[in-house]
Ligand SMILES: Cc1ncc(COP(=O)(O)O)c(C=O)c1O
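Residue numbers (the working numbering): 23 to 460.
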């Protein structure tokens, strides 16, 4: 029986009660359930870093606008599939003010979270040309995206970009795209799980290679503007959020409200289809949609089939939030800066106790502090480390499920860790370090 910060026997009992043969390989939801059980049985609070739930209250301007819309009676009406007019207008303004691109409101849509946006995009884009059916995942990435293409029965390719940053990305993309089977590329920027950010040059390389092989780029901006090394929060003023849309004309942008407005529960996001992609025609779409036009197929075929549009009242919430942001009355990045500040402190505590950051650099500069970071401990695989950390009152997920080749890595999500837990974190990591001397 070991002497660990959380009672060894309680942890063992809960692991076996949950039927987990390996904690290290458990999914996010399995870890969550296990930790809920251990917390209840031990009466001890964990440093919970497994789930990417926002740790802040929902943006109140959104809540108020949504309640107002409900009181006005929008619940009884089907929303237009293409999204309500005020939201489309504010998305278009947001794109101009924060990315510095001109996209007419007709190309801006609402989706049921960015998850529906990616699902709809895979579904439509990967059937546009019969010989091009695959998605290329620039990993590590958000595991649910891969689950989506699997559910759709679509094939995919992926590679860990760790060794292919900067100019090296060009040859790697050439290798992956040259057989012509790839229809879409997806990545998130900033990256979930590793929080690196592609720079302008890398985005330009992705654009050039996508153009060469006629591939649609899906840019997931779930953490819009949250590279806190720069201030992307001033409407209409540089610097602007780096984006593929600066370099390429066949893209889909996914802008979730879950993290930037802490609005995850209402499942609402903005989806933008580039005008060029929207007006692309392909005969291979006809058998599914009765039209050869991509935009028409996407809206009146895919979005209609999936959910007949996006729930009405959250669209008013997002419209109002974006309007306040666009008008310079609400500085959304000030609210979420807390994540970056917490990450800086937490990373320091990890580093002081023998841990290392896995994805530590954007080429030659240290990565930003934000919603996630990745860490490892010498001599441990990610799965072994996660399993061991559970006895020290710390939970997270391994990088294995994110397509990372860094088998030693763990993803830490800072959002649910409270500042008043930092002394606990320090104590527990110190104990871990003492028990596992380097
Ligand atoms: C990279 C990434 N994309 C998409 C999502 C999901 O966004 P939404 O809640 O809008 O569906 C998340 C949520 O964690 C994410 O991390």
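Note that CB positions come from ideal geometry on N, CA and C, so glycine has one too.
- A heavy atom of ligand 1 is found nearer than 8 Å to the CB of residue 276.
- For ligand 1, no non-hydrogen atom lies closer than 8 Å to the CB of residue 177.
- Just measuring C-alpha positions, the residue of 162, 168, 386 sitting nearest residue 215 is 162.
- With 16 or more other CB atoms across the displayed protein chains lying within 10 angstroms of its CB, residue 420 is buried.
- Taking 9 Å as the cut-off, the Cβ atoms of residue 428 and residue 380 count as close.
- Annotation for residue 138 indicates a beta carbon within 8 Å of some heavy atom of ligand 1.
- In the three-state reduction of the DSSP assignment, residue 436 falls in the coil class.
- By the criterion of a C-beta distance shorter than 6 Å, residue 143 is surrounded in its chain by 240, 274, once the five residues flanking it on both sides are discounted.
- Beta-bridge annotation (DSSP): residue 388 is paired with 383.
- Distance from residue 199 to residue 158 at the Cβ level is roughly 7 Å; contact confirmed, criterion being Cβ atoms closer than 8 Å.
- For residue 424, no beta strand (DSSP E) encloses it, and the DSSP letter there is neither H nor E.
- Assigned with DSSP and collapsed to three states, residue 293 falls in strand.
- For residue 204, the enclosing beta strand (DSSP E) covers residues 204–210.
- Secondary structure of residue 123 (DSSP, three-state): coil.
- The region 365–383 and the region 50–65 do not touch, with fewer than 3 CB-CB distances between them shorter than 8 Å.
- Residue burial is scored here from C-beta neighbours: residue 266 has at least 16 other C-beta atoms within 10 angstroms and is therefore classed as buried.
- At least one heavy atom of ligand 1 lies less than 8 Å from the C-beta of residue 214.
- Around the C-beta of residue 400, fewer than 16 other C-beta atoms lie within 10 Å, and the residue is accordingly described as exposed.
- Counting C-beta pairs closer than 8 Å gives fewer than three between the region 218–236 and the region 347–365, which falls short of the contact rule.
- Around the beta carbon of residue 24, a 10 Å sphere encloses fewer than 16 other beta carbons of the protein chains shown; the residue is thus reported as exposed.
- Between the alpha carbons of residue 141 and residue 67 lies a distance of about 36 Å.
- Annotation: residue 29 is outside any beta strand (DSSP E) and is labelled neither H nor E by DSSP.
- Taken in chain order, the complete alpha helix (DSSP H) segments of 4 residues or longer contained in the region 296–342 are 297–300, 308–311, 326–329.
- If you check the CB distance, residue 277 and residue 291 come in under 9 Å.
- By a beta-carbon distance limit of 8 Å, residue 337 does not contact residue 97. Their separation comes to about 12 Å.
- Here the alpha carbon of residue 329 sits roughly 14 Å from the alpha carbon of residue 136.
- Annotation for residue 241: the continuous beta strand (DSSP E) segment containing it runs 238–242.
- Within a 10 Å sphere around the beta-carbon of residue 364 sit 16 or more other beta-carbons, which makes this residue buried.
- Rounded to the nearest whole angstrom, the CA to CA distance from residue 124 to residue 349 is 17 Å.
- Counting along the chain, the unbroken beta strand (DSSP E) around residue 160 starts and ends at 156–161.
- A residue is called buried once 16 or more other Cβ atoms fall within 10 Å of its Cβ, and residue 281 is buried on that count.
- Annotated three-state conformation of residue 130 is strand, per DSSP.
- Cβ contact annotation for residue 426 (same chain, cutoff 6 Å, sequence separation greater than five): 162, 182, in chain order.
- Secondary structure note for residue 274: its beta strand (DSSP E) is the uninterrupted segment 273–278.
- Inter-segment contact for the region 403–423 and the region 56–73 is present: three or more beta-carbon pairs are separated by less than 8 Å.
- For residue 87, the shortest C-beta to heavy atom distance toward ligand 1 is 8 Å or greater.
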